[in-house]
Structures are given as structure tokens and as C-alpha cells.
Amino acid sequence: MEIIERIYELLHEKDKKAYELCEKLDVRTSTMSTWKARTNDPPARYMKTIADFLGVSLDYLLTGYEAPPRKYTSPEEDGLLELFRSLPTPKQYEFIG
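Take 609 as the starting number for the sequence shown in the working numbering and just add one per residue.
In C-alpha cells, the structure reads:
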């Protein structure tokens, strides 16, 4: 599925109108109609605004798939977690308290 098709699908799912998105992007409705008719994707500079307007991630807008959540741990935290996982289960429970 092309990005422009996904945009129109999301507009429908979220009960939003193309003209509302055009107002947000500060483009004419004819511009968006041209994108749809030619199956051209909107320029990259609009993608973040479109994703925000539709309440989806950029990953989803561009690919149709959500990216896995990012891991936000430091190397030290990773080391502690590895040590914890190496403990036998009873010791893990003992550690947790």
C-alpha cells in the first residue's frame, strides 16, 4: 500500500476529512487530490505533521507497521539485568524481597 493510500485509509478510520489535513499542512486540497490521483506520496517535510494529525507513528505512516519499542537502558542496567537473569529462580525472588 502506498503512503497516500494509507493516509486516506486513516482519514476514513479516524473520521477526519482531507480538507482538515490540508489546512494543517497549509496546502490546497487540489495538491492532496493530485497526490492521490498520481499515487504520489507527500513530500517528506509533511510526514511528521501528517502522522501527528492522524495519531500514528512515522513508522506506521511510512510502512504500515509499528516499530518495536525502543530499549532505554544503560549498559550498566543491562549488566544488572543479565546478572539477575542468571540467578536461580529462588534467588531472584529472594532478591526482589
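For every residue, glycine included, the Cβ atom is placed at its ideal position computed from N, Cα and C.
By the 16-neighbour rule on beta-carbons within 10 angstroms, Phe692 is exposed.
With the rule of 3 Cβ pairs closer than 8 Å, the region 632 to 640 does not count as touching the region 674 to 685. Per the coordinates, the alpha-carbon of Asp623 lies some 15 Å from the alpha-carbon of Glu613. Judged by beta-carbon spacing, Asp649 lies within the 8 Å limit of Ile611, meaning their Cβ atoms are closer than that value. Nearest in C-alpha terms to Glu621, of all of Pro651, Gly663, Tyr627 and Asp667, is Gly663.
Between Lys656 and Tyr616, the C-beta spacing is not below 8 Å.
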